Structure formats: structure tokens, C-alpha cells
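These protein sequences, in sequence, are chains R and W.
According to the working numbering, numbering within the first sequence proceeds without interruption in unit steps and concludes at 109.
According to the working numbering, numbering within the second sequence proceeds without interruption in unit steps and concludes at 466.
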Amino acid sequence: MSAVPNEPSQDDILRLHVTAKDPEALRALLRDTRADVGGRPHVETDGRIGVDVYTTADRIPDLEREGVTVTRTGNASEAGRAAQAEVGSGDRFAPDDAVPHGLAAKLAG
Amino acid sequence: MPYLNVTEVESAVTSLATAYPDLTQLVPLPNTTFENRTAHALVVGEPSDTPKPCVMMIGGVHAREWGSCEILVHLAADLLEAKRDGTGLGYGGTAFTAGQVSGLLHRLDLVIFPLVNPDGRHYSQTVRPMWRKNRNPANAGGNPNPDCIGVDINRNYDFLFDFVTAFDPSSNPRVSNDPCDPQVYAGPSAFSEPETQNVLALLEQFPLTRWFVDVHSYSQDILYNWGDDENQSIDPDMNFRNSEYDGKRGVPNDLAYAEYIPKGDEDAAVLLAEAFCHGLNGVRGLTYKPITGFHLYPTSGTSDDYVYSRNFADPDQGKVLGFTVEWGTEFHPRWAEMQQIILDVDAGLVQFCLAAA
């Protein structure tokens with residue numbers, strides 16, 4: 001596990017990167033732990049296979065076993081709380097003339 | 110414009126319908142959620158005397174995958190504004206002419222349902238950001254564990270719903286019959302949830318739907334059928350309806366089972382998925398991969414496999430190719446990055462529709 005500057009709260013869900021020596025070892029780990037995964041398993045540069053796993057700190061020991069590496073890459077709950085601050089409040093489309101506009105450039109002709 | 114709250118997603122849809130009455134149809138969904146929320150879908154297309162083939166797109170299924178709603182609201186807004194003003198659309202390095210936009214809306218209707226799971230999104234945006242399921246407490250059995258609330262909507266469709274019977278026990282499909290599973294509880298029965306019932310109602314209201322896209326995150330892929338096992342186009346009898354193969358599904362790289370897909374359907378699905386990836390790649394160079402759902406992980410009860418399976422179970426149902434977009438590399442990108450992802454994915458979706466049309 002990598003050192004981290006900020007300790008998560010007990011219920012925070014951490015983002016981990018878990019690697020195993022081959023697909024079968026990773027499948028066995030995920031089968032045994034019923035872990036919440038994000039993304040698709042990828043072959044790493046060293047030939048191992050890795051995937052993102054989301055779990056609380058107290059469940060990390062369930063993932064740690066011979067041949068498996070577990071690296072904390074973030075605090076998903078903390079990132080989510082930061083994103084919550086970017087959620088609109090009220091209703092920006094309530095005024096009669098308020099209409100959503102897309103982000104694409106509108107190109108002449 | 111930061112992330113939309115649940116009121117704003119619904120309000121965005123109705124605002125677009127009001128602003129573009131000649132190019133849209135507002136479709137109320139019949140079922141209210143456990144927290145008594147209602148939703149609408151928006152049909153975007155040029156008026157036509159005869160029904161047109163439809164691309165149906167849904168989003169906001171998994172609560173924590175917020176950006177899916179914004180991707181679909183922005184797609185609708187861009188197409189409508191461009192059609193009204195006679196402009197093309199530019200998504201970074203991917204551009205579409207006014208003629209392409211107009212032709213797309215002439216030949217197709219887009220049925221856009223951006224927020225299937227408003228209760229879950231509200232909970233994720235205000236309480237637990239990593240929440241995935243809906244907020245139905247009916248199956249908790251009085252258990253005070255908060256994880257016992259909710260059903261994974263994208264395991265609640267009627268495709269191999271009895272996964273315990275259908276799959277090889279060693280295959281570890283990503284689904285659970287434990288109501289307290291915090292992520293992938295499939296529910297007590299297929300279509301038990303108002304959210305899946307709403308998608309089903311939409312499919313029945315638009316029988317000319319030929320393509321279906323469910324927008325999720327994350328893995329930077331577009332998934333096509335099937336999700337329960339590898340594909341094969343040789344043995345039509347080796348299929349999801351055949352109980353001879355119960356207990357054999359879901360194991361990669363084995364000979365016991367592979368799901369039947371007609372070669373023409375798989376070729377068509379791959380071409381559309383590649384079109385999506387091509388349009389997306391032009392925006393800022395990102396590479397998304399077309400893969401079958403099974404190559405993400407084995408599943409049952411998903412929307413994309415359900416919509417495609419309908420035609421096999423009942424040939425009177427039109428054939429619908431099912432896709433799932435898995436955008437991004439995290440569940441909650443900061444809004445500045447999410448805006449770039451919206452451009453990526455919307456360019457891909459426009460290219461997808463042009464290839465379908």
C-alpha cells in the first residue's frame with residue numbers, strides 16, 4: 001500500500017488498483033471477494049493484469065494475498081464529495097426563456 | 110453549466126420540448142419511482158408522415174455515473190439547435206455538416222431518455238456519491254444495513270434473469286441475488302422496478318427502435334452483444350433460451366458454451382461500434398474500443414442484451430442491436446473534464462447515428 005497524506009474516514013470508499021499475475025488469478029480474487037470494480041481489466045506494462053477496485057479501508061486485507069498487488073490510487077468518496085460541490089442548485093431551466101445549449105461548436109453551412 | 114441535479118435533467122428535457130415544438134415530442138414515462146419522481150423522454154427528429162426507425166438512448170441508470178445524463182441532454186440540445194439554425198456541429202476535431210445533421214434527423218428519430226434512475230442520482234449527488242442502485246427499500250426485509258436498499262437496474266431486465274441456473278458456478282457473473290449486495294442485486298424478479306418498466310414501456314411505444322444505446326461509465330469502451338458469454342455464429346441452437354446449456358454459460362475460452370449471434374448482426378454491430386469510436390477519436394485523439402459486453406465481465410439482466418434478445422424470443426418484435434457506452438476513466442470527473450468527455454461521446458453518438466441512418 002502506498003503512503004497517503006490524508007487518512008480517509010471509516011466509511012470512505014477508496015479507489016485501488018489491483019494487479020495479479022494472470023487473468024485467472026484476477027478472476028479468482030474478484031470471485032472470492034465480490035469486489036466492486038471499475039473499468040476493464042488491462043494488461044500492464046510488466047505483463048500483469050490489473051483493474052480498479054473500490055472498497056473501504058477495512059476491506060483491503062481481503063484483497064491482499066500472494067501474487068496480488070494492491071495500490072491505493074485515490075479516495076473515491078472524497079472525489080465524489082468534491083464533485084457534489086459542482087452539482088447545480090435550484091433549476092437553471094425554470095425561466096421560460098432558459099433552454100439547454102450543447103457544447104459543440106455550431107459551424108456555418 | 111455544472112452537473113445537472115435531478116430537477117434540472119427533467120427540466121432540461123421539457124425545456125427542449127418547449128423550445129423546439131416542431132422537432133420534438135415529449136414522452137411521459139408511465140411509472141413513478143419509489144421516491145415518487147416522474148420522468149420524460151424526448152423524441153428528436155424531423156416530422157414525417159410515416160414512422161421512422163429509431164435510435165433509443167438511455168442514461169442515468171447507475172446513480173454514480175452522473176455524466177451520462179449530461180451527455181444525452183447536450184446531444185439533444187446540439188442537434189436541435191443545429192437543425193433549427195441550419196448549421197453543422199464541431200466536436201473538437203470531429204465535424205458534421207449541416208446536411209449531415211439534417212439528414213440524420215430526416216431519416217431517424219432519436220428517442221432520448223436521459224435519467225432512468227432519478228432517485229439514485231439524487232442520493233448520489235447529495236449523500237453517498239458512490240451509490241449505484243435505485244432507492245427501492247422493498248427487498249431489505251427490515252434489515253437496517255443501508256446497503257440493503259435498492260436494485261441494480263441494469264441487472265433487472267429479462268435476460269437470463271435466473272443467473273444461478275443459467276451460468277457456470279465458476280464464471281462469477283457480475284450480478285447478485287442478495288438484496289444487501291451494495292452494487293449488483295438483480296431484484297426479486299425481472300422488471301420488478303419502475304425504472305426498468307419505464308424503459309420497457311418506451312420500447313413498446315416505439316416499435317421501430319432498431320438500435321439501443323445505454324450510456325454508462327467507465328472503461329472507454331463501447332460494448333455490443335452479447336454479455337453472457339463469447340459470441341459464436343455457427344450453432345443457432347446454442348443460445349440463451351436453450352436449457353440444455355444451463356450451468357455452462359459465462360466461462361471464457363471454453364468449448365462448453367458460446368452465445369449465438371447471426372454473422373450479419375455481429376458485423377453490423379461492429380461497424381456501428383467502430384463508427385462511434387471513429388467519431389470520438391477525432392475529437393481529441395482518445396481511443397475507445399469496441400468489445401462485446403462479455404469482455405468487460407459476464408452479466409445477466411442487462412439492457413443491451415435484453416433489447417437484442419426480444420427478437421429471438423418473439424420474432425414479431427423488431428430486431429434491436431444493443432450497445433453500452435462506457436465513458437471515461439472515473440465515476441466523478443471534475444466538471445471541466447466532464448465537458449471534454451461530453452464532446453468525445455456526443456461526437457461518437459452522432460457518428461453512430463449517421464452510420465445507422
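Where is the CB? At the ideal position from N, CA and C, for every residue including glycine.
Please read these numbers as outputs of a predicted model, since none were measured by experiment.
Bridge partners of E150 (chain W), per DSSP?
For the purposes of this step, residue 150 (chain W) is identified with residue 41 of the second sequence, where counting begins at 1. According to the sequence displayed, residue 150 (chain W) carries Ala and not Glu. According to DSSP, A150 (chain W) bridges with W:V136.
Using a Cβ-Cβ cutoff of less than 6 Å, which residues in the same chain neighbour T196 (chain W) once the five nearest sequence positions on both sides are dropped?
Working through the second sequence from its first residue, we reach residue 196 (chain W) at position 87. The residues are A207.
Would you call V416 (chain W) buried or exposed, if buried means 16 or more other Cβ atoms sit within 10 Å of its Cβ?
For the purposes of this step, residue 416 (chain W) is identified with residue 307 of the second sequence, where counting begins at 1. So V416 (chain W) counts as buried.
V182 (chain W) touches chain R at which residues, Cβ-Cβ below 7 Å?
As a position in the second sequence, residue 182 (chain W) is number 73, starting the count at 1. Correct list: P100.
Just how far apart, CA to CA, sit F421 (chain W) and G427 (chain W)?
Stepping through the second sequence from its first residue, residue 421 (chain W) is reached at position 312. Stepping through the second sequence from its first residue, residue 427 (chain W) is reached at position 318. Cα-Cα distance, rounded: 10 Å.
Determine the extent of the alpha helix (DSSP H) in which N390 (chain W) is found, giving its start and end residues.
Taking the second sequence and counting its residues from 1, one reaches residue 390 (chain W) at position 281. Counting along the chain, the alpha helix (DSSP H) containing N390 (chain W) begins and ends at K372 to R393.
Under 7 Å between C-beta atoms of V164 (chain W) and W335 (chain W)
Within the second sequence, numbered from 1, the residue matching residue 164 (chain W) stands at position 55. Within the second sequence, numbered from 1, the residue matching residue 335 (chain W) stands at position 226. Not in contact: V164 (chain W) and W335 (chain W) (Cβ atoms no closer than 7 Å).
Beta strand (DSSP E) containing T69 (chain R): first to last residue?
One-based indexing of the first sequence puts residue 69 (chain R) at position 69. Its beta strand (DSSP E) spans residues T69 to N75.
Beta-carbon proximity list for Y125 (chain W), same chain, < 7 Å, skipping 5 on both sides:
Here residue 125 (chain W) refers to the residue found at position 16 of the second sequence. Rather than Tyr, the amino acid found at residue 125 (chain W) in this sequence is Leu. Non-local beta-carbon contacts of L125 (chain W) in its own chain, meaning distances under 7 Å to residues more than five positions away in sequence, involve T133, L151, A185, A186 and L189 in chain order.
Under 7 Å between beta-carbons, which chain R residues line up against E117 (chain W)? List them in chain order, please.
To locate residue 117 (chain W), count along the second sequence from 1; it is residue 8. Among the residues of chain R, those whose CB is under 7 Å from the CB of E117 (chain W) are G88, D91, R92 and F93, following chain order.
Which residue comes first and which comes last in the beta strand (DSSP E) that contains E435 (chain W)?
Position 326 of the second sequence, counted from the first residue, corresponds to residue 435 (chain W). First-last of the beta strand (DSSP E) with E435 (chain W): L430 to W436.
Looking at the structure shown, is W240 (chain W) part of a helix, part of a strand, or coil, going by DSSP?
Reading the second sequence from its first residue, position 131 is the one you call residue 240 (chain W). Looking at W240 (chain W) - three-state DSSP - the assignment turns out to be coil, as it is neither helix nor strand.
So, under 8 Å CB-CB, V115 (chain W) and L224 (chain W) are touching, yes? Tell me the CB distance rounded to an integer number of Å.
Numbered from 1 along the second sequence, position 6 holds the residue referred to as residue 115 (chain W). Numbered from 1 along the second sequence, position 115 holds the residue referred to as residue 224 (chain W). With a Cβ gap of about 7 Å, V115 (chain W) and L224 (chain W) count as contacting.
Note the first and the last residue of the continuous beta strand (DSSP E) segment covering V360 (chain W).
Working through the second sequence from its first residue, we reach residue 360 (chain W) at position 251. Neither: V360 (chain W) is in no beta strand (DSSP E) and is coded neither H nor E.
Using a Cβ cut-off of 8 Å, which residues of the region 389-412 of chain W contact any Cβ in chain R, in chain order?
For the region 389-412 of chain W, the beta-carbon criterion of a distance under 8 Å to any beta-carbon of chain R is satisfied by I400, H404, L405 and Y406.
Alpha carbon of G356 (chain W) to alpha carbon of Y327 (chain W), nearest angstrom:
As a first step, residue 356 (chain W) is located in the second sequence; it is residue number 247 there, counting from the start. As a first step, residue 327 (chain W) is located in the second sequence; it is residue number 218 there, counting from the start. If I take the Cα positions, the gap works out to 29 Å.
Please check if any C-beta of chain W sits within less than 7 Å of the C-beta of A190 (chain R).
One cannot answer for residue 190 (chain R) here, as it falls past the ends of chain R, which runs 1 to 109.
Hey, T56 (chain R) and H17 (chain R): beta-carbon distance below 7 Å or not?
One-based indexing of the first sequence puts residue 56 (chain R) at position 56. One-based indexing of the first sequence puts residue 17 (chain R) at position 17. For T56 (chain R) and H17 (chain R), no; Cβs fall outside 7 Å.
Assigned secondary structure, M347 (chain W) (DSSP; H/G/I helix, E/B strand, else coil):
Residue mapping note: residue 347 (chain W) aligns to position 238 of the second sequence, counting from 1. For M347 (chain W), the three-state secondary structure derived from DSSP is coil.
Alpha helix (DSSP H) segment containing R264 (chain W), residue limits
On the second sequence, position 155 is the one that residue 264 (chain W) refers to. Looking at the DSSP string, R264 (chain W) is not in any alpha helix (DSSP H), and its letter there is neither H nor E.
Which whole runs of the beta strand (DSSP E) in the region 13-81 of chain R are 3 residues long or more, in chain order?
Given a length threshold of 3 residues, each whole run of the beta strand (DSSP E) inside the region 13-81 of chain R is given here in chain order: 13-20, 36-43, 49-56 and 69-75.
When the Cα atoms are used, what is the spatial distance from H101 (chain R) to V236 (chain W)?
Locating residue 101 (chain R) in the first sequence gives position 101, counting from the first residue. Locating residue 236 (chain W) in the second sequence gives position 127, counting from the first residue. The alpha-carbon atoms of H101 (chain R) and V236 (chain W) are separated by roughly 28 Å.
Please confirm if G121 (chain R) has its CB atom under 7 Å from at least one CB of chain W.
Examination of residue 121 (chain R) is not possible in this model, given that chain R is present from 1 through 109 alone.
Apply the 10 Å Cβ neighbour rule to R358 (chain W) and answer buried if 16 or more other Cβ atoms are within range, or exposed otherwise.
In the second sequence, residue 358 (chain W) corresponds to position 249, counting from 1. Counting Cβ neighbours within 10 Å, R358 (chain W) comes out buried, since at least 16 surround it.
For E304 (chain W), I'd like the list of residues in its chain whose CB is within less than 7 Å of its CB, leaving aside the five on either flank, ordered along the chain.
For this step, residue 304 (chain W) is matched to residue 195 along the second sequence. Excluding residues up to 5 positions away in sequence, T142, V225, N226, N243 and I262 lie with their Cβ nearer than 7 Å to the Cβ of E304 (chain W) in the same chain.
Which residue comes first and which comes last in the beta strand (DSSP E) that contains L107 (chain R)?
Residue 107 (chain R) sits at position 107 when you count from the first residue of the first sequence. In the DSSP assignment, L107 (chain R) falls within the beta strand (DSSP E) that extends over A105 to L107.
Against chain R, with Cβ distances strictly below 7 Å, would D187 (chain W) count as a contact?
For the purposes of this step, residue 187 (chain W) is taken as the residue at position 78 of the second sequence. True, the Cβ-Cβ gap to chain R drops below 7 Å.
For chain R, find out if any of its Cβ atoms is closer than 7 Å to the Cβ of W444 (chain W); answer yes or no.
Taking the first residue of the second sequence as 1, we reach residue 444 (chain W) at position 335. Interface residue, yes.
Who are the neighbours of A148 (chain W) on chain R, taking C-beta pairs under 7 Å?
Taking the second sequence and counting its residues from 1, one reaches residue 148 (chain W) at position 39. Chain R residues near A148 (chain W): none, gap ~15 Å exceeds 7 Å.
Please identify the residue among W:P361, W:E179 and W:K192 whose C-alpha is closest to the C-alpha of P455 (chain W).
Counting from 1 along the second sequence, the entry for residue 455 (chain W) is found at position 346. In the sequence on display, residue 455 (chain W) carries Asp and not Pro. Answer by Cα proximity: W:E179.
Does DSSP put W444 (chain W) in a helix, a strand or coil?
Along the second sequence, read from residue 1 onward, the residue named residue 444 (chain W) stands at position 335. W444 (chain W) falls in the helix class under three-state DSSP.
Please identify, using Cβ separations under 8 Å, the residues of the region 316-328 of chain W that lie next to chain R, in order along the chain.
Y327 and S328
For the beta strand (DSSP E) that F321 (chain W) lies in, which residues bound it at each end?
Position 212 of the second sequence holds residue 321 (chain W). Element bounds for F321 (chain W): T318 to S326.
Below 8 Å on the Cβ atoms is my contact criterion, and I expect L395 (chain W) with D453 (chain W) to pass it. Report the Cβ-Cβ distance as a whole number of Å.
Position 286 of the second sequence, counted from the first residue, corresponds to residue 395 (chain W). Position 344 of the second sequence, counted from the first residue, corresponds to residue 453 (chain W). Right, the Cβ-Cβ distance comes to about 6 Å (below 8 Å), so this counts as a contact.
Three-state secondary structure (DSSP) at K192 (chain W)?
Start at 1 with the first residue of the second sequence, and residue 192 (chain W) comes out as number 83. K192 (chain W): helix per DSSP, three-state reduction.
Could you check what DSSP says for P399 (chain W) in three-state terms: helix, strand or coil?
Within the second sequence, the letter at position 290 stands for residue 399 (chain W). Strand, per DSSP.
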